[in-house]
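First up is the structure itself, then whatever we jot down about it.
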Amino acid sequence: MRVLVCSLYLSFLSILRTEHTIETALLETSLGSIKGIKGVFAETGDTLYEFRGIPFGKPPVGSLRFKKPVPFGLWKETVDATAFRSACPQNIPDFMPELSRPTTSEDCLFLNVYVPNSLDKLNNFSVMVWIHGGGFEVGFGNEEDLSRMAIDGDVIMVSFNYRLGIFGFLAIGHPAARGNYALWDQKLALQWVHDNIEMFGGNPNSVTIFGESAGGYSVSLQSLISSNNGLFHRAIAQSGVHSKILMRKQDEVQEYANQLSKKSLCPLGDEYKFVDCLRQKQVQELLEIADFYSTVSEDKLKRHIFFKSHSYPVVDGELFTENPIVSLEDKTSAVSQFFGSLDFISGTTSNEGSLLYLISFPELQEFYRFNVTEGVPHKVACEAIIAPYVEKYLRGDGSIKEQMCNFYKADASTKEQSLRATELLADVMFTYPSIKMLEFHAALKNGKTYQYLFSKTSPDPFEGTPPEWFEGCGHGDDLIWLFKVGDHEISDDEKQFSKNLIQYWTSFAKSGRPIGGPRSMFWIPFDLSGRMYLNFDIPTVLQSFYKMETSELWSDIYTLIEIDDNRKEHDEL
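Residues -18 to -1, 1 to 555 (mature numbering (1 follows the signal peptide of the UniProt record, and there is no 0)) are what the sequence shown spells out, left to right.
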């Protein structure tokens, strides 16, 4: 997540490098007039229209802070959509260069529309809506350059900002602050696309949402909200889906509220007054008191690797009346019926556990006496990852801890043990949750289901130069092949690989069937018997039964994870 922020604004710079001519474009809509950019790309002669920074929600400031977003409504004057607007408030790492830092503001609910070739209502382009990642703590809509996908795929691309951190997720288990504001922002953006994209030449009946990491998690959650029926029709969740452990429990919510009360000096006795007190705080003060690592004890910081921050969804009694996993276990539920109606792609990179060497902070390395660049000992995997996981989600069952510690132990070499540690982190956070979500979807036997594995490594790894012991495609390293190949010197085979990947994604958006370019591998759907998946590499190959031994282990563990029964607690919300 820290390195992710370092790449911000690179996409905008790449647009400036590749466009040959730029002029303004005026579009009349039912909301009012909007002025965007018409660019012609020097290399290909392709035309792209961009509308940057379109307001879709009223500024969530003052009394609207910590509330659901309010639609922006009609434009009183021509909207200047020639420049990207402010990102939402976030804790930007100190090491990020000053020139690369995005401008932030609570007035941040803006979206961006990329239209290929021509502005004509009759174009009827399929639409792809990108939801950015960043752990729900950092990021913004235009951090990735969607222009190439729009042109090469002949689709309209949309991206948007949503609130982050405490601004997007403050919850206290009370109607005064239900939480999930970020998800409501996403939902409002999707509603805006449904209501208005036809004016840009888009087809509101052919909308695909896709995202990576927290964006993939968001995609899966939006796909589990039955009131979204009709807003989108297909979904691609890359390196992130909802799982049993990723919705905050009520005791976590209450503990965090108590911490905020102490640090902000806002009394918690009256919930409405407490939230109003937080509304009076300056943005920077809230960012400082809500910073995740400032709320974690020093002892835990040096002993544990954390799977999530306080900025995660909750059962709020409105978007979610129960954990959506519970809803999925009932095939007749409205959640299952909606999810099953969608065409769905999900997958992971070959080593999502690359995050391990990013989040092995100095305190952890000092406590366990290791250097992550040299390797990760089994003790770290067992005591820093497995032990707190079992304690938190499996009632501290010692036999399960022993089973997991043995499973992720390698007797060969430091390198093999280090890779087992990254595999553990990947299985906990990404791999098994993705497999489980694919199983849920395939069992509904309605929409088409596709699984992938992304093995092609990146010329510019997301987490920076990896340790020598690391192998595989790391977390976030698939994105360069969708969005950023123009920034790097790559081979002709790699250029074709990138083109094929874009075709798989955009053809899926058009028809529900992912088809690559010429001579590309045919992608057979995933089902519970064949378990076919496409392994994206050079060459791309079709394989089956991905990580079955791991799936068997986690399938047994998954059934034992307890989920809060929040329904009674939220009846009054």
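Glycine included, every Cβ here is placed at the ideal spot set by N, Cα and C.
For the alpha helix (DSSP H) assignment, the uninterrupted runs of no fewer than 4 residues enclosed by the region 354 to 425 are, from N- to C-terminal side, 369 to 375, 380 to 389 and 396 to 408. DSSP places Ala491 in the helix class (H, G or I) of the three-state scheme. In the displayed model, Lys477 falls within a helix according to three-state DSSP. Look at the beta carbons and you see the region 171 to 185 not touching the region 146 to 160: under three pairs across the two are nearer than 8 Å. Counting only runs that start and end inside the region 236 to 282, the alpha helix (DSSP H) elements of at least 4 residues fall at 253 to 261 and 265 to 272.
Three or more beta-carbon pairs separated by less than 8 Å link the region 526 to 546 to the region 402 to 413, which places the two stretches in contact.
The straight-line gap separating the alpha-carbon atoms of Phe38 and Phe54 is approximately 5 Å.
Distance from the CA of Phe320 to the CA of Asn211, rounded to the nearest whole angstrom, comes to 6 Å. The three-state reading of DSSP puts Thr447 in coil, since its state is none of H, G, I, E or B. In the structure shown, Gln72 adopts coil according to DSSP, grouped into three states. The region 34 to 53 makes contact with the region 92 to 99, as at least three CB pairs between them are under 8 Å. Per the Cβ contact rule, the region 254 to 261 is in contact with the region 156 to 174 (3 or more Cβ pairs under 8 Å). The Cβ atoms of Ser209 and His224 lie no closer than 8 Å to each other.
Close CB contacts of Asn143 within its chain, under the 7 Å cut and outside five residues either way in sequence, are with Ala69, Cys70, Cys90, Leu91, Phe92, Phe122 and Gly123 (chain order).
Taken atom to atom, the span from the alpha-carbon of Asn333 to that of Lys58 is near 50 Å.
Between the alpha carbons of Met503 and Lys374 lies a gap of roughly 43 Å. In the three-state reduction of the DSSP assignment, Glu304 falls in the coil class, being assigned neither a helical nor a strand state. For the set Glu345, Ser437, Pro98 and Gln433, the Cα lying nearest the Cα of Asp325 is the one of Gln433. Burial check for Tyr31: the Cβ neighbour count within 10 Å reaches 16 or more, so the residue is buried.
Taking 8 Å as the cut-off, the Cβ atoms of Ser323 and Val317 do not count as close.
When the alpha-carbon of Gln220 is set against those of Gln236, Leu206 and Gly198, the nearest one is in Gly198. Exposed is the label assigned to Ser511, since fewer than 16 other Cβ atoms lie within 10 Å of its Cβ.
Check the Cα spacing between Lys477 and each of Asp393, Gly499, Phe274 and Ser489: the tightest is with Gly499. Straight-line measurement puts the Cα of Glu300 at about 38 Å from the Cα of Tyr339.
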